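See structure below.
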Amino acid sequence: MSAPLAADFYDRPVLEVARDLVGCVVAHDGASGAIVETEAYHDSEPACHAFVGVTNRTRTLFGPPGRAYVYRSYGIHALLNAVCEPEGVGAAVLIRALEPLEGIERMRARRGLDRLEQLCSGPGKLTQALGIEPGENDTPLTGAGPVTILPRPAAWSDVELVASERIGITKAVELPWRFCARGSAHVSVRP
DNA sequence: CATGGGATTGACT
DNA sequence: GTCAATCCCATGC
2 MSAPLAADFY
12 DRPVLEVARD
22 LVGCVVAHDG
32 ASGAIVETEA
42 YHDSEPACHA
52 FVGVTNRTRT
62 LFGPPGRAYV
72 YRSYGIHALL
82 NAVCEPEGVG
92 AAVLIRALEP
102 LEGIERMRAR
112 RGLDRLEQLC
122 SGPGKLTQAL
132 GIEPGENDTP
142 LTGAGPVTIL
152 PRPAAWSDVE
162 LVASERIGIT
172 KAVELPWRFC
182 ARGSAHVSVR
192 P
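Numbering (this note's numbering) for the first sequence: 2 to 192.
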């Protein structure tokens, strides 16, 4: 198995990283899946949490690239992001859906569901399936932390992307900053 | 210190 | 299609 993606992978424009992360593999606590859906967020646009500047909440987004930004959404779900761009820029890629690869029985147990297509087809679902929690905010994705992201397996090297508008936001809704693997049955909402 | 609003999901009409 | 759950944080008085 290959080594996790290094910090310099994330130290680039967030849109590039969002595209390149599709097909890469997220692993946590005995389970893993290939990323089939991402969204980019940048402090220059109002849909991004970092738009308000550095606060206690957004500190992770402005920190060094290659760390996890995990936060609680609607009081219920944990959402996983990969922090991008140089320290001082608030930008991250939201991981929105996975195709399950390893630890599928574990994911089923955590989710209380059988169907493969429903295990990780949404940002709150995949964190539940993998067991990722808000306490893992600001931990490295590059190997030393509980969550790691590995390069694309050979089978995903030529994955075709579809760009579309981001889901579930009320500001800057027109930006085509969402990227899905074409034809995947594991995305949250079909583009 | 009070309040409003989510980068969602699942259950229900 | 509609709606409640649930809590942390940013904002404003």
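We treat Cβ as the ideally placed atom computed from N, Cα and C, and that holds for glycine.
Quantities reported herein were computed from a predicted structural model and do not represent experimental measurements.
Using DSSP bridges, identify the partner residues of residue i.
| i | result |
| --- | --- |
| Gly-34 | Val-27 and Pro-101 |
| Thr-149 | Ala-28 |
| Arg-183 | For Arg-183, which the question treats as bridged, DSSP gives no partner whatsoever. |
| Asn-82 | Tyr-70 and Leu-95 |
| Thr-171 | For Thr-171, which the question treats as bridged, DSSP gives no partner whatsoever. |
Taking the beta strand (DSSP E) that residue i belongs to, which residues open and close that run?
| i | result |
| --- | --- |
| Thr-61 | Careful: Thr-61 lies outside any beta strand (DSSP E), inside the alpha helix (DSSP H) at 60 to 63. |
| Leu-162 | 162 to 165 |
In chain order, what residues of the same chain have a beta carbon less than 8 Å from the beta carbon of residue i, not counting five sequence neighbours either side?
| i | result |
| --- | --- |
| Gly-123 | Arg-97, Ala-98 and Ser-189 |
| Glu-46 | Phe-52, Lys-172, Ala-173 and Leu-176 |
| Gly-144 | Ala-4 and Pro-5 |
First and last residue of the alpha helix (DSSP H) that includes residue i?
| i | result |
| --- | --- |
| Val-18 | 15 to 22 |
| Phe-10 | 8 to 11 |
| Leu-131 | 124 to 131 |
| Leu-120 | 117 to 120 |
Roughly how many angstroms separate the alpha carbons of residue i and residue j, rounded to a whole number?
| i | j | result |
| --- | --- | --- |
| Pro-65 | Glu-134 | 20 Å |
| Gln-119 | His-187 | 7 Å |
| Glu-103 | Gly-34 | 7 Å |
| Tyr-70 | Leu-6 | 16 Å |
| Arg-107 | Trp-157 | 24 Å |
| Thr-140 | Arg-68 | 5 Å |
| Gly-169 | Ala-155 | 32 Å |
| Cys-49 | Leu-142 | 21 Å |
| Val-121 | Leu-127 | Position check: residue 121 holds Cys in this sequence, whereas Val was assumed. Going from the Cα of Cys-121 to the Cα of Leu-127 covers about 4 Å. |
| Ile-105 | Asp-159 | 24 Å |
| Asp-115 | Gln-129 | 14 Å |
State yes or no: is the C-beta of residue i nearer than 8 Å to some heavy atom of the ligand ZN?
| i | result |
| --- | --- |
| Arg-107 | Although the ligand ZN was asked about, the structure shown includes no ligands whatsoever. |
Can you give me the Cβ contacts of residue i inside the same chain, cut-off strictly under 7 Å, excluding the 5 residues immediately before and after it?
| i | result |
| --- | --- |
| Leu-95 | Thr-39, Glu-40, Tyr-42, Leu-80, Asn-82 and Pro-124 |
| His-29 | Leu-131, Gly-132, Ile-133, Pro-147 and Val-148 |
| Arg-20 | Leu-162 and Phe-180 |
| Val-37 | Val-23, Ala-98, Leu-99, Glu-100, Cys-181, Ala-182, Ser-185, His-187 and Val-188 |
| Thr-61 | Arg-68, Tyr-70, Val-84, Asn-138 and Asp-139 |
Can you have a look at residue i and say buried or exposed, based on whether 16 or more other CB atoms are within 10 angstroms of its CB?
| i | result |
| --- | --- |
| Arg-1 | Residue numbering for the chain in the displayed model covers 2 to 192; residue 1 lies beyond these limits and cannot be assessed. |
| Lys-172 | exposed |
| Glu-88 | exposed |
| Val-18 | buried |
| Thr-59 | buried |
| Tyr-75 | exposed |
| Thr-56 | exposed |
Quick one: residues in its chain with C-beta nearer than 6 Å to the C-beta of residue i, no 5 flanking neighbours on either side, listed in chain order?
| i | result |
| --- | --- |
| Ala-92 | Val-15, His-43, Cys-85 and Glu-86 |
| Val-163 | Cys-181, Arg-183 and Pro-192 |
| Ala-110 | none |
| His-78 | Gly-125 |
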